[in-house]
Amino acid sequence: MMVVGVALLLWAGWHNLRERKLAMQKERDSHVVLIPDKGAAPADSEADELAPKMRGKKAPTFVLTDLQGKKVSLADYKGRPVLVNFWATWCGPCKVEMPWFEQLRNQYASQGFEILGLTDDADAGKDVIGKVAQKSGVTYPILLTDGKVQDAYGGLDVLPMSFYIDRNGVIVEQTAGLGSKDMIEANIKKIVESGNATAQAGGL
Amino acid sequence: MRSLLLAGVLLGSGITPALLVAQQESLTLPAARPKQYVAYDSEGQAIEAGKTSTLELRFQVVQGYHVNSHTPKSELLIPTNLTIEPASGVKAAAAEYPAGTTYSLRFDPSEKLDVYTGAFVVKVPVVAALGDHTLKGVLHYQACDNAACYPPKSLPVQIAVTAK
Numbered sequence: 001m002m003v004v005g006v007a008l009l010l011w012a013g014w015h016n017l018r019e020r021k022l023a024m025q026k027e028r029d030s031h032v033v034l035i036p037d038k039g040a041a042p043a044d045s046e047a048d049e050l051a052p053k054m055r056g057k058k059a060p061t062f063v064l065t066d067l068q069g070k071k072v073s074l075a076d077y078k079g080r081p082v083l084v085n086f087w088a089t090w091c092g093p094c095k096v097e098m099p100w101f102e103q104l105r106n107q108y109a110s111q112g113f114e115i116l117g118l119t120d121d122a123d124a125g126k127d128v129i130g131k132v133a134q135k136s137g138v139t140y141p142i143l144l145t146d147g148k149v150q151d152a153y154g155g156l157d158v159l160p161m162s163f164y165i166d167r168n169g170v171i172v173e174q175t176a177g178l179g180s181k182d183m184i185e186a187n188i189k190k191i192v193e194s195g196n197a198t199a200q201a202g203g204l
Numbered sequence: 205m206r207s208l209l210l211a212g213v214l215l216g217s218g219i220t221p222a223l224l225v226a227q228q229e230s231l232t233l234p235a236a237r238p239k240q241y242v243a244y245d246s247e248g249q250a251i252e253a254g255k256t257s258t259l260e261l262r263f264q265v266v267q268g269y270h271v272n273s274h275t276p277k278s279e280l281l282i283p284t285n286l287t288i289e290p291a292s293g294v295k296a297a298a299a300e301y302p303a304g305t306t307y308s309l310r311f312d313p314s315e316k317l318d319v320y321t322g323a324f325v326v327k328v329p330v331v332a333a334l335g336d337h338t339l340k341g342v343l344h345y346q347a348c349d350n351a352a353c354y355p356p357k358s359l360p361v362q363i364a365v366t367a368k
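These protein sequence lines map, in sequence, to chains A and B.
Numbering-wise (the working numbering), the first sequence opens with residue 1 and increments by one.
Numbering-wise (the working numbering), the second sequence opens with residue 205 and increments by one.
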C-alpha cells in the first residue's frame, strides 16, 4: 500500500512536471509566433527609412555645381571608386567624419579614389558652406545639392549618409549616421579593391 | 510519457535558441526612428479674460534624441522656434523659451551644444477675450542623436484656450 502510495506520489510529481514542461513549451510556441508578427510591422517601417535601399544599384548620375560655380558630374569620375557623402552645415556628426574623409582620401588617392561632399543645406550659401568645409580641413570637391539628387539617392531621412561607389559605378555600400573611421576605411577598401583586378586586366 | 517529456524538452530547447537568434537579430537592427522626434502634450488652458496670462506648451523630446535650444551656440545650428498663427480674440506675445543644457558629442567633446532633452516648456503670454479660442502654431526643430542628425521638422500644435 505504502509502495503504491509513494509510486502514486512520484507519478503525480512526474505528471505535474510534464504538464508544466508542456505548458512552458506551449508558451514558447506562442512566443515564437508572436515575436515575428510583432516584429514585422516596425521592421518594415524601419526598413523604409534606414534600409540601405540603394545598395547593389547603379549610382544615379548627377550634375551639380561646386563652390567655385564649376559643373561637376558623377560621370567625370567614371571608372574610379567614389564616395558620395551627403552632409549639412548644421549636422554635427557629419563634421566629425569629414576630417577622416580628407585623410583617407589622401591615403587612397593613388588608387583613383575620390570623395564628393554633397551639401544637403545648399541654401546656407556658398560662403558659409565653404567656411565649414575649410574648418573641417576638407579639400575634396564640395557640391551644392539641387533637391533632386537627394531623391535620386533614396531620400535623405538621416545625415550623414554615404554611398560607396565602385569602379563599375555600382553602390556597394550605403551607410547612415556616423560610423567609426575603421568602418569607413573598410568600405573605402571595398570600392578601391573591387574593380582593381578588372581595371588592371583591362590595362594589360 | 517519458518520450513525450523528452520531445517537450527537445522542442523547448530547440525553440529557445531560435528565439534567441530572433532577438539577437532584432538587436542588430537600428532602433526604430520615429518621424517626429518631439511630442506635444496638448492640454486645454483656462485663463482670465482680458488679462495677460501665460500659456504653457509642454513638449517632450523622444528619448535618445536632442534638439537645439532656442539659442544654440553656433549660427549654423537650427534653433527650436515656435510660431503662433494670429487668431481672433487672442493676442499672443513673443514666446519665452527655457534655457538649454550643455551637450557634447562623444566623438567631438570640444564642440559644446546647447540643447533640449526630455521635457521642455515654451511659454506664450496672451490676452484673450471672453470665450473659447483655439490657437494654432508650429514648433520648428532639428533633432540629432549621438551619431546622426535628422532634417528639420515642423510639429503642428493646437491650444484650446478658455477665457472666463
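Note that beta-carbon positions come from the ideal geometry of N, C-alpha and C, so glycine has one too.
Because the structure is a prediction, the values reported are computed rather than measured.
Partners in chain B for residue i, counting only beta-carbon separations shorter than 9 angstroms
| i | result |
| --- | --- |
| valine 132 of chain A | Leu280 |
Limits of the unbroken beta strand (DSSP E) element including residue i
| i | result |
| --- | --- |
| glycine 341 of chain B | 335-345 |
| valine 328 of chain B | 323-332 |
| glutamine 264 of chain B | 256-265 |
| glycine 117 of chain A | 114-119 |
| methionine 183 of chain A | Taken as a continuous stretch (DSSP letters only), methionine 183 of chain A belongs to no beta strand (DSSP E), being part of the alpha helix (DSSP H) at 181-194. |
| aspartate 245 of chain B | 242-245 |
| valine 361 of chain B | 357-367 |
| valine 172 of chain A | 171-176 |
| aspartate 151 of chain A | Premise fails: aspartate 151 of chain A lies in the alpha helix (DSSP H), 148-152, not in any beta strand (DSSP E). |
| aspartate 66 of chain A | 63-66 |
| lysine 71 of chain A | 71-73 |
| isoleucine 251 of chain B | 249-251 |
| asparagine 85 of chain A | 82-87 |
| leucine 144 of chain A | 142-144 |
| threonine 139 of chain A | No beta strand (DSSP E) holds threonine 139 of chain A; DSSP gives it neither H nor E. |
| leucine 309 of chain B | 305-309 |
Bounding residues of the alpha helix (DSSP H) (the contiguous stretch that carries residue i)
| i | result |
| --- | --- |
| valine 271 of chain B | That residue, valine 271 of chain B, is in no alpha helix (DSSP H); its beta strand (DSSP E) goes 270-272. |
| arginine 205 of chain A | The structure shown has nothing for residue 205 of chain A, since chain A only spans 1 to 204. |
| glutamate 289 of chain B | It is not in any alpha helix (DSSP H) - glutamate 289 of chain B carries neither H nor E in the DSSP assignment. |
| lysine 316 of chain B | Note, lysine 316 of chain B: premise wrong, no alpha helix (DSSP H); beta strand (DSSP E) at 312-320. |
| aspartate 166 of chain A | Per DSSP, aspartate 166 of chain A belongs to no alpha helix (DSSP H) and is neither H nor E. |
| isoleucine 129 of chain A | 126-135 |
Sequence-distant residues of its chain with Cβ nearer than 6 angstroms to residue i (five each side left out)
| i | result |
| --- | --- |
| histidine 344 of chain B | Asn285, Ser358 |
| proline 67 of chain A | Reading off the sequence shown, one finds leucine at residue 67 of chain A, where the question assumed proline. Within the same chain, leucine 67 of chain A has close Cβ partners Lys126, Gly130, Ile142. |
| phenylalanine 263 of chain B | Val242, Tyr244, Phe324 |
| phenylalanine 113 of chain A | Pro81, Val192 |
| asparagine 187 of chain A | Tyr164, Glu173 |
| glutamate 260 of chain B | Val325, Lys327 |
| cysteine 91 of chain A | Leu159 |
| glutamine 25 of chain A | Residue placement at glutamine 25 of chain A is flagged as unreliable, the pLDDT there being 48, under the threshold of 50; the coordinate-derived value follows with that caveat. Around glutamine 25 of chain A: no qualifying Cβ. |
Within chain B, partners of residue i - CB distance below 7 angstroms
| i | result |
| --- | --- |
| glycine 177 of chain A | Ala351, Ala352 |
| valine 158 of chain A | Ala352, Tyr354 |
Buried versus exposed, by CB contacts within 10 Å (16 or more), residue i
| i | result |
| --- | --- |
| proline 313 of chain B | exposed |
| serine 205 of chain A | Any property of residue 205 of chain A remains undetermined from this structure, which presents chain A solely from 1 to 204. |
| alanine 364 of chain B | exposed |
| leucine 334 of chain B | exposed |
| arginine 167 of chain A | buried |
| glutamine 346 of chain B | buried |
| aspartate 123 of chain A | exposed |
| valine 63 of chain A | exposed |
| methionine 54 of chain A | buried |
| alanine 352 of chain B | buried |
| lysine 148 of chain A | exposed |
| glutamine 249 of chain B | buried |
| asparagine 85 of chain A | buried |
| aspartate 349 of chain B | buried |
| threonine 61 of chain A | exposed |
| threonine 89 of chain A | buried |
Under 7 angstroms by beta carbon: chain A residues contacting residue i
| i | result |
| --- | --- |
| glutamine 346 of chain B | Trp90 |
Chain-ordered chain A contacts of residue i [CB-CB under 8 angstroms]
| i | result |
| --- | --- |
| leucine 309 of chain B | Gly92, Pro93, Val96 |
Close Cβ partners of residue i (< 7 angstroms) along its chain, the five nearest in sequence each way excluded
| i | result |
| --- | --- |
| glutamate 185 of chain A | Leu104 |
| leucine 231 of chain B | Confidence in leucine 231 of chain B is poor, its pLDDT being 40 and thus under 50, which makes the residue's placement too unreliable to answer from. |
| lysine 316 of chain B | Lys277, Thr306, Ser308 |
Any chain E beta carbon closer than 9 angstroms to residue i
| i | result |
| --- | --- |
| valine 172 of chain A | Here chain E cannot be found, since the structure's protein chains are A and B. |
8 angstroms Cβ shell around residue i - same chain, five flanking residues per side excluded
| i | result |
| --- | --- |
| tryptophan 233 of chain A | Past the edges of chain A, shown from 1 to 204, lies residue 233 of chain A, and the structure says nothing about it. |
| isoleucine 282 of chain B | Asn272, Pro276, His344, Tyr345, Gln346, Pro356 |
| proline 42 of chain A | Because proline 42 of chain A carries a pLDDT of 41, less than 50, the predicted location of this residue cannot be relied on, and no value is offered for it. |
| glycine 137 of chain A | Met98, Pro99, Glu102 |
| methionine 183 of chain A | Thr175 |
| valine 72 of chain A | Val63, Leu64, Thr65, Asp66, Leu116, Pro141, Leu143 |
Would you list, in chain order, the members of the stretch 79-113 of chain A that have their beta-carbon closer than 8 angstroms to a beta-carbon of chain B? Ala88, Thr89, Trp90, Cys91, Gly92, Pro93, Cys94, Lys95, Val96
What residues from the stretch 309-335 of chain B come within 8 angstroms of chain A, judged by C-beta to C-beta, listed N to C? Leu309, Phe311, Asp312, Glu315, Leu317
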